[in-house]
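Novice: Residue numbers (the numbering used here): 1 to 706. Even for Gly, the Cβ is constructed at its ideal location relative to N, Cα and C. Please read these numbers as outputs of a predicted model, since none were measured by experiment. Please read through the structure below; I'll follow up with questions.
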């Protein structure tokens with residue numbers, strides 16, 4: 001008889017034994033004591049019903065003339081005569097290890113990938129509900145189609161891992177995802193409601209290509225109560241055509257109301273277009289301006305990388321003729337497999353390493369032009385060699401063309417580095433942008449005076465676009481850089497001297513007055529909140545008020561009127577302190593610095609918490625180089641609106657949970673390294689963090705296309 005534990009059942013009733021051939025005696029497995037059962041055992045046919053509920057777990061057999069009860073789980077033989085009672089059988093059922101494993105109660109050691117992405121042994125037990133939740137999370141995070149659960153290979157794989165797990169159908173998985181969305185949505189609402197600072201918002205329009213639907217992605221950015229920068233999608237709204245500014249404003253305002261952040265909004269970062277400008281105007285009419293920063297003056301933040309895209313595109317339009325032959329050469333040698341093979345042979349003949357492949361630039365992605373020129377320059381000598389090998393290859397760039405391409409790459413490098421830096425989501429970016437933009441302005445000014453007429457013309461076009469948008473982005477960025485203790489007001493004074501007195505918005509005095517106004521605004525609102533709570537009567541504590549108390553209250557109110565001195569004291573004290581040393585080899589945690597210095601600068605800390613959370617880009621890192629739209633994944637675009645929103649929002653929330661678990665595990669391992677004499681920056685910890693980032697693919701939460 002084969003072991004009954006190998007049969008798969010879903011009900012709590014244990015597996016039934018296979019029929020026994022009387023001519024071929026069943027093979028007994030080892031019992032719990034390690035002894036082999038007697039091979040001459042016969043299965044008894046019950047003449048009457050056994051009433052005890054313990055018998056479904058046993059098989060009654062006769063061994064050497066004695067009636068035994070053989071456990072269906074561990075095959076151990078116990079006394080089976082009904083005249084002896086069943087207490088010993090019931091005790092064995094409660095303690096049988098094999099039964100606990102079968103029922104999913106007994107914990108076993110198995111690899112756990114939850115925290116770090118690497119297998120770590122931990123005691124666990126099978127739970128089908130947990131497995132279904134992990135299955136839903138996997139489909140969300142890695143963007144698998146719902147139909148994956150119906151693939152035969154996936155079912156066989158799951159069965160090999162845990163035969164007791166029944167793979168749900170796609171409709172059941174869809175219900176699980178909607179249920180997970182409800183739970184995670186409630187959890188994130190508690191985080192938003194409990195956050196002490198303001199919430200910054202970014203919006204971005206998406207398209208479902210196969211159905212021509214429009215969606216608006218609304219993402220929240222804030223610094224939580226532990227001073228960690230967080231960002232997650234709040235809504236993925238279906239917006240029916242036409243996408244007018246009134247309709248977009250109505251959809252966005254409804255989202256703010258649903259999440260209860262309309263009164264704690266700091267800024268909205270949007271792409272630069274006239275529709276968004278009009279949408280902000282409509283939105284301001286719906287919001288209570290007194291609840292916003294400086295009565296709504298800072299609510300509209302333009303996407304800085306989007307502006308950089310405009311600047312670069314205007315410059316590339318001028319130089320396209322200068323790189324025409326290089327583009328034609330790349331097209332020629334990548335058009336057929338035979339030509340690609342010939343190109344690789346020429347590379348080997350010149351004893352060059354075959355590294356990056358030639359790439360052709362895309363009109364909507366300006367960084368592809370940078371990549372095309374950069375890679376082509378690596379094979380500069382190869383193209384001259386190919387002219388001798390192929391007579392049909394006539395579009396050979398000259399040395400002047402290659403020299404010009406090298407100059408263009410040098411000019412585009414600063415834009416590429418800036419865009420990549422500003423698309424980060426794990427660190428504040430507003431404080432970084434100001435000095436980089438000022439450096440770009442200085443470079444554009446120098447390029448306009450370049451002796452090469454093409455370069456000067458390119459810089460001229462870039463300069464016109466730069467000055468058009470500069471005034472719209474400087475305010476928040478200037479305040480944010482002052483709140484960086486590595487720069488403070490010194491960087492403002494430095495660039496003011498570089499640009500001259502004509503740039504009045506860079507004058508340190510005006511900016512200092514602006515920050516004083518912010519401090520005044522914050523302190524006034526804080527006093528209103530504390531005053532409203534203090535004025536609420538508690539029992540009869542205010543029943544007796546002495547004349548001294550009234551006189552003291554009058555004194556306090558008079559002191560409040562002279563708060564300018566107090567404001568200046570906190571700001572001047574902060575500005576008077578020495579700058580934090582700037583070491584390029586040591587990472588400076590700006591948020592941690594403000595967390596630790598809150599007692600010294602309470603109002604500035606509150607301002608820093610809200611200004612540093614404002615993102616300067618409204619799009620994900622994959623699309624910051626693109627001027628095209630964002631496309632929804634084909635698997636998702638076929639679903640109904642509510643399911644699409646549930647999947648994309650849940651994906652964002654689950655990713656954040658996984659990331660926090662990995663960071664916590666890495667921190668624990670780093671602390672363990674300290675206690676064992678290892679460095680905090682042990683390579684294993686860094687590799688672990690990098691591995692989790694790679695597993696989660698955190699920089700591409702969704703599928704992008706042009």
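Distance, Cα to Cα, residue 75 vs residue 128?
Specialist: 26 Å
Novice: Let me make sure I understand the geometry here. Which of 518, 251, 85 and 65 has the alpha-carbon closest to that of residue 51?
Specialist: 85
Novice: Output the boundary residues of the beta strand (DSSP E) element that contains residue 268.
Specialist: 265 to 270
Novice: Taking 8 Å as the cut-off, does the stretch 286 to 296 touch the stretch 393 to 412 (at least 3 CB pairs, one atom from each stretch)?
Specialist: no
Novice: Can you give me the Cβ contacts of residue 264 inside the same chain, cut-off strictly under 6 Å, excluding the 5 residues immediately before and after it?
Specialist: 198 and 199
Novice: Report all residues from its chain with a CB closer than 8 Å to the CB of residue 154; omit the five preceding and five following residues, and keep chain order.
Specialist: 148 and 167
Novice: Which of the three DSSP states is assigned to residue 159 in this structure?
Specialist: Look at residue 159 here: in three-state DSSP terms it is helix.
Novice: If residue 411 and residue 463 are in contact, beta carbons under 8 Å, what's the gap, nearest whole angstrom?
Specialist: About 13 Å; that fails the 8 Å criterion.
Novice: Where does residue 452 fall in DSSP's three states?
Specialist: Residue 452: coil per DSSP, three-state reduction.
Novice: Tell me which residues share the same chain as residue 644 and place their Cβ nearer than 7 Å to its Cβ, disregarding the 5 neighbours each side in the sequence.
Specialist: 236 and 636
Novice: Looking only at C-alpha atoms, which of 435, 80, 232 and 478 sits nearest to residue 513?
Specialist: 478
Novice: Among 339, 389, 131 and 185, which residue has its Cα nearest to the Cα of residue 161?
Specialist: 131
Novice: Tell me the rounded alpha-carbon separation between residue 379 and residue 392.
Specialist: Approximately 19 Å, taken between the alpha carbons.
Novice: For residue 220, tell me which candidate among 653, 499 and 180 has the shortest Cα-Cα distance.
Specialist: 653
Novice: What are the boundary residues of the alpha helix (DSSP H) that residue 339 is part of?
Specialist: Start and end: 337 to 349.
Novice: For residue 575, which option in 524, 661, 481 and 239 has the closest C-alpha, if you only look at C-alpha atoms?
Specialist: 481
Novice: I'd like the span of the beta strand (DSSP E) that includes residue 275, first residue to last.
Specialist: Note, residue 275: premise wrong, no beta strand (DSSP E); alpha helix (DSSP H) at 274 to 286.
Novice: Residue 595 to residue 202, Cα distance in whole Å?
Specialist: Between residue 595 and residue 202, the C-alpha separation is close to 25 Å.
Novice: By Cβ distance below 8 Å, which residues in the same chain neighbour residue 439 in space, the five residues on each side in sequence not counted?
Specialist: 414
Novice: If residue 433 sits next to residue 266, beta carbons under 8 Å apart, how far is it from one beta carbon to the other, in whole angstroms?
Specialist: Between residue 266 and residue 433 the Cβ distance is about 16 Å, and since that is not below 8 Å, they are no contact.
Novice: Could you check if residue 268 is buried or exposed, using at least 16 other CB atoms within 10 Å of its CB as the buried criterion?
Specialist: buried
Novice: Helix, strand or coil for residue 203? Go by DSSP, reduced to three states.
Specialist: strand
Novice: Can you tell me whether residue 98 is buried or exposed, with buried defined as 16 or more other CB within 10 angstroms of its CB?
Specialist: buried
Novice: If we ignore side chains and look at the alpha-carbon of each, how far apart do residue 223 and residue 356 end up?
Specialist: 40 Å
Novice: Rounding to the nearest angstrom, what Cα-Cα distance links residue 341 and residue 335 in this structure?
Specialist: 11 Å
Novice: Fully enclosed by the stretch 234 to 269, which alpha helix (DSSP H) runs are 4 residues long or longer?
Specialist: 245 to 258
Novice: Measure from the alpha carbon of residue 140 to the alpha carbon of each residue in 227, 485 and 650, then state which is nearest.
Specialist: Considering only alpha carbons, the answer is 650.
Novice: Keeping to the same chain, check which residues put their C-beta closer than 7 Å to that of residue 81; ignore five residues upstream and five downstream.
Specialist: Cβ neighbours of residue 81 beyond the five flanking positions: 67.
Novice: Would you tell me roughly how many angstroms separate the C-alpha atoms of residue 351 and residue 322, rounded to the nearest one?
Specialist: 29 Å
Novice: Grab the span of the alpha helix (DSSP H) containing residue 384 for me, first residue to last.
Specialist: It spans 380 to 389 - the alpha helix (DSSP H) in which residue 384 sits, taken as one unbroken run.
Novice: For the pair the stretch 598 to 610 and the stretch 243 to 263, tell me if three or more CB-CB distances fall below 8 Å.
Specialist: no
Novice: Taking residue 310 as part of the alpha helix (DSSP H), name the residues at either end of that continuous run.
Specialist: 304 to 319
Novice: Leaving aside the five residues before and after residue 180 along the sequence, list all residues of the same chain whose C-beta is less than 6 Å from its C-beta, in chain order.
Specialist: 136 and 650
Novice: What did DSSP end up calling residue 52 once you bin it into helix, strand or coil?
Specialist: coil
Novice: With distances taken between CB atoms, is the gap from residue 427 to residue 579 smaller than 8 Å?
Specialist: no
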